[in-house]
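A quick write-up on the structure given underneath.
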Amino acid sequence: MPSAAHSDILIRPLTSSDVPDTRSLHSLVLPVQYPPAFFTQLLCLSSRACLIAVRRSQPNIPIAFISAALHKSSLLPLPGGLSASKALNSPRPRIEILTLGVLPAFQQHGLARRLIRAIVDKLCGPLTAGILVHANVATTNTPALKFYERIGMRISSEIIPNLYRTCPYGERDAYLVSGRLDI
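Here it is in structure tokens:
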């Protein structure tokens, strides 16, 4: 659904000069605190990436972000000895969404979907339809759980207790959501 607002938004890779504003945005829209080393890894490790969304008129002010890691294969370990779905335990590559957030004023316009598609393209290339994607979501984050369901992901684990140890408030338990996306 391209619109004037949609075409005004540019998605681009995180740069070192973007880190302070992106860290602030993370703190604003996510309850989990991320240390500076998290952002350094996003810039330095080839298996990780972070994209930010900006308005073309304000290209240095992030309004949304996504960070993810590419896992080439292997089994997916879960904390506490919980088991993941069989779909996650395969030799095929998969993408783990580490963080995803959109300022409230820019939500409900397809930006999170665009960010997910862009991160998949960046990590795997544009011809990777149906790649397995997974993320951890707080058990109380109903809007995120519904969003992931709309794009084809499902809850794939029991409750993972106390996953978000650095969460200063709110629920610390999470679900693993996963699915093969068609976005």
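Residue numbering for the sequence shown is 36 to 218, as defined by the working numbering. By construction, the Cβ of each residue, glycine as well, lies at the ideal position given by its N, Cα and C atoms.
Remark: fewer than three beta-carbon pairs, one from each stretch, lie closer than 8 angstroms, so the stretch 171-182 and the stretch 90-102 are not flagged as touching.
Inter-residue distance for Ile154 and Ala209 is about 23 angstroms (C-alpha atoms, whole angstroms). In the structure shown, His106 adopts extended strand secondary structure according to DSSP, grouped into three states. Using a 10 angstroms sphere on the CB of Ser52, the tally of other CB atoms stays under 16, which defines it as exposed. Annotation: Ser81 to Asn176 spans about 30 angstroms, alpha carbon to alpha carbon. DSSP lists Phe100 as the bridge partner or partners of Gly136. Listed in chain order, the non-local C-beta contacts of Arg215 below 6 angstroms within the same chain comprise Gly165, Leu167, local neighbours out to five positions each way being set aside. For Leu60 and Leu180, the gap between their C-alpha atoms comes out near 21 angstroms.
As DSSP reads the structure, Gly214 sits in a beta bridge with Val168. Less than 8 angstroms separates the beta-carbon of Leu78 from that of Leu49. Ala140 has its alpha-carbon roughly 23 angstroms from the corresponding atom of Ala103. About 7 angstroms separates the beta carbons of Ile132 and Ile101, which is inside the 8 angstroms limit, making them a contact pair. Arg83 sits in a strand when the DSSP states are folded into three classes. Boundaries of the beta strand (DSSP E) harbouring Ile46: 44-48, taken from the DSSP string. Contact annotation, Val64 with Gly136: C-beta distance approximately 4 angstroms; criterion of less than 8 angstroms satisfied. Beta-bridge annotation (DSSP): Ile195 is paired with Ala209.
The three-state secondary structure of Ile190, taken from DSSP, is strand. Between Tyr199 and Arg189, the gap from beta carbon to beta carbon reaches 8 angstroms or more.
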